[in-house]
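Okay, structure first, notes after.
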Amino acid sequence: MSVTMTPAAAERIQSFMQNRGKGLGLRLGIKTTGCSGLAYVLEFVDDLNEDDQLFSIDDVNIIIDKKSLVYLDGIELDFVKEGLNEGFKFTNPNAKGECGCGESFNV
1064 MSVTMTPAAA
1074 ERIQSFMQNR
1084 GKGLGLRLGI
1094 KTTGCSGLAY
1104 VLEFVDDLNE
1114 DDQLFSIDDV
1124 NIIIDKKSLV
1134 YLDGIELDFV
1144 KEGLNEGFKF
1154 TNPNAKGECG
1164 CGESFNV
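With the working numbering, letter number 27 in the sequence shown gets 1090, and the count goes up by one each step, no holes.
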């Protein structure tokens, strides 16, 4: 099982964690939603659950639960700025398609 992250993503998450002032890391998960079926979820984590897998990359902890890891194995997390827009970008080798707006995916 693997998760990778670009330096830009690591820097942004470190900044979020410092501004928050507490927490173990950032949870990357999925939820059922959108026109393609699944969407990515990012949230702060203060405590690990029993089924969590911890990935420590560039001094950043990414936490993924077992249910989500099946869909996220091999994912690369990036942080991009395009004009006035900025946000996390997910390169997921398991995704077979995305909706037109890029908010959801299917496997």
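Backbone N, C-alpha and C define an ideal beta-carbon position, used for all residues, glycine too. None of these values were measured; they are calculated from a predicted model.
Range of the contiguous beta strand (DSSP E) that encloses residue i
{"i": "E1139", "result": "I1138 to E1145"}
{"i": "E1149", "result": "N1148 to T1154"}
Candidates the options, of which the one nearest residue i by Cα
{"i": "F1151", "options": "G1137, L1105 and S1119", "result": "L1105"}
{"i": "I1126", "options": "Y1134, R1075 and L1111", "result": "L1111"}
{"i": "D1109", "options": "L1135, R1090, K1144 and I1120", "result": "R1090"}
Residue i, DSSP secondary structure in three states
{"i": "V1133", "result": "helix"}
{"i": "A1102", "result": "strand"}
{"i": "L1087", "result": "coil"}
{"i": "V1170", "result": "coil"}
Whole-Å CB distance - residue i paired with residue j, under 8 Å assumed
{"i": "F1107", "j": "G1086", "result": "5 Å"}
{"i": "K1173", "j": "D1114", "result": "The chain is shown from 1064 up to 1170; residue 1173 falls before or after that span and cannot be answered."}
Where the alpha helix (DSSP H) through residue i begins and ends
{"i": "S1078", "result": "P1070 to R1083"}
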